């Protein structure tokens, strides 16, 4: 009886949907620097995986800080579109949609200083 049960489990496992498990993964590393080329430590790196025709459905979110060298190695992420946001004190916020297509990818981000603000009076 145990042999029949084990055989049935193995046969059914072969027919189980494997769409997500078969999707290739990407090891993503983000390098954050300023306009002078210096690393930006402790910047918040937020990665959101998205789905849908308009790429507007967020499915997973990862958040971490950059190291003293300005790098943020992320755990493997399913290939496809992601939303990448970077926040760092004293810099403009960076945001962009990126397509992950390779087994290993590095994204270099250059943060800009905030622009001067003007006040309009009447």
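Numbering (my numbering), first residue to last: 84 to 205.
The beta carbon of each residue, even a glycine, is placed where N, CA and C say it ideally should be.
Predicted model, so just to flag it, every value in this text is computed and none were measured.
Does residue i pass the burial test, meaning 16 or more other C-beta atoms within 10 Å, or should it be called exposed?
{"i": "residue 130", "result": "buried"}
{"i": "residue 128", "result": "buried"}
{"i": "residue 201", "result": "exposed"}
{"i": "residue 105", "result": "exposed"}
Tell me the DSSP secondary structure of residue i in three-state form.
{"i": "residue 40", "result": "Residue 40 is absent from the model: the chain starts at 84 and stops at 205."}
{"i": "residue 85", "result": "Low confidence applies to residue 85: its pLDDT is 46, below 50, so where it sits in the model is not reliable enough to give any reading."}
{"i": "residue 95", "result": "Caution applies to residue 95, whose pLDDT of 41 falls short of 50 and renders its modelled position unreliable; the model cannot decide the point."}
Kindly identify the DSSP beta-bridge partner or partners of residue i.
{"i": "residue 164", "result": "182"}
{"i": "residue 122", "result": "116"}
{"i": "residue 189", "result": "112"}
{"i": "residue 172", "result": "In DSSP, residue 172 forms no bridge with anything."}
{"i": "residue 127", "result": "148 and 170"}
{"i": "residue 194", "result": "117"}
Stretch-stretch touch, CB-based, cutoff 8 Å, three pairs: the region 156-167 with the region 193-201:
no
Would you call the region 142-149 in contact with the region 184-193, where contact means no fewer than 3 C-beta pairs closer than 8 Å?
no
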